[in-house]
Each structure stands twice: as structure tokens, then as C-alpha cells.
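Numbering (the numbering used here), first residue to last: 6 to 130.
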């Protein structure tokens, strides 16, 4: 299980990384490739690499962990509301996700298509 960072830790990491961009998936793969290569980097190359390539990867990880923490909070509040006898709607959950910047509408549409196809398949077999 992932040992999640606290909001204070995430904020401290964001401050430490400063402005910049999050790495693309291709850059993450490139960094993973370079890290696992047998070829050793000189101290100068390693220092330059750490200053230029690693910060965007760390920003991507920070964004992913921050989004995960926000989603966990939204999901926990939704379930807690149901446990307390409220009747939260799935739409309420989608709206709460949207407010934290996570738009699941396309994912829901895709899931609906998959469920529909599975239902049709099960009806035929």
C-alpha cells in the first residue's frame, strides 16, 4: 500500500520544486531508462542531469500524489455521508471531483460503454 504524503509534505515539496512543468510520460520513461542503465555518469553529468531532468519528474509525481490525496478525501466524504444516512447521488461525487479539478465525465462515459457491451455480451451467451 502506498504510504501517502501529508498535505504539509506535499506543500513543502511543491515549494521546494518551485515553478516549472510536470514531465511528460516520455520524459519519465527516459529518466527510468537512464537510471537503470549500466553506464555510469560523471559527477558533472549526474549533477546536470539531476538539475534538469529530475525536477519535472518529481513535479509529475507530486501532481499525481496531490490528486490522489484530493480524490481520497472526496471519496471518503461521499462514503461517510452515506454512512451517516444521507443519500448522496453519484452526480454529487462527480461534481465534487470536478471541483478539485478531476473531470471524470469522459471516464464515466467510457465505463458506461464497457458495461453496456458486457451486458449485451452476457445476454447473448
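Ideal placement from N, C-alpha and C gives every residue a C-beta, glycine not left out.
To the nearest angstrom, report how far apart residue i and residue j are at their CA atoms.
| i | j | result |
| --- | --- | --- |
| residue 101 | residue 79 | 7 Å |
| residue 33 | residue 59 | 9 Å |
| residue 12 | residue 128 | 47 Å |
| residue 9 | residue 17 | 14 Å |
| residue 62 | residue 47 | 21 Å |
| residue 22 | residue 14 | 12 Å |
| residue 82 | residue 112 | 21 Å |
| residue 96 | residue 85 | 16 Å |
| residue 74 | residue 44 | 37 Å |
| residue 51 | residue 103 | 40 Å |
| residue 114 | residue 76 | 19 Å |
| residue 72 | residue 93 | 22 Å |
| residue 119 | residue 126 | 10 Å |
Let me check understanding here. Comparing Cα to Cα, which of the options lies closest to residue i?
| i | options | result |
| --- | --- | --- |
| residue 30 | 65, 99 and 120 | 65 |
| residue 107 | 88, 70, 23 and 26 | 70 |
| residue 28 | 72, 91, 83 and 57 | 57 |
| residue 38 | 54, 96 and 85 | 54 |
Report the CB separation of residue i from residue j in whole angstroms; it is logged as a contact under 8 Å.
| i | j | result |
| --- | --- | --- |
| residue 19 | residue 67 | 6 Å |
| residue 4 | residue 99 | Since the first residue shown for the chain is 6 and the last is 130, residue 4 is missing from the structure and cannot be characterised. |
In chain order, each alpha helix (DSSP H) run of at least 4 residues that lies wholly inside the region 37-94: With a minimum length of 4 residues, the continuous alpha helix (DSSP H) runs that stay inside the region 37-94 are 48-57 and 59-88.
I'd like the ranges of any alpha helix (DSSP H) spanning at least 4 consecutive residues and lying wholly in the region 9-36. Those alpha helix (DSSP H) runs which fall completely within the region 9-36 and span 4+ residues are 12-22.
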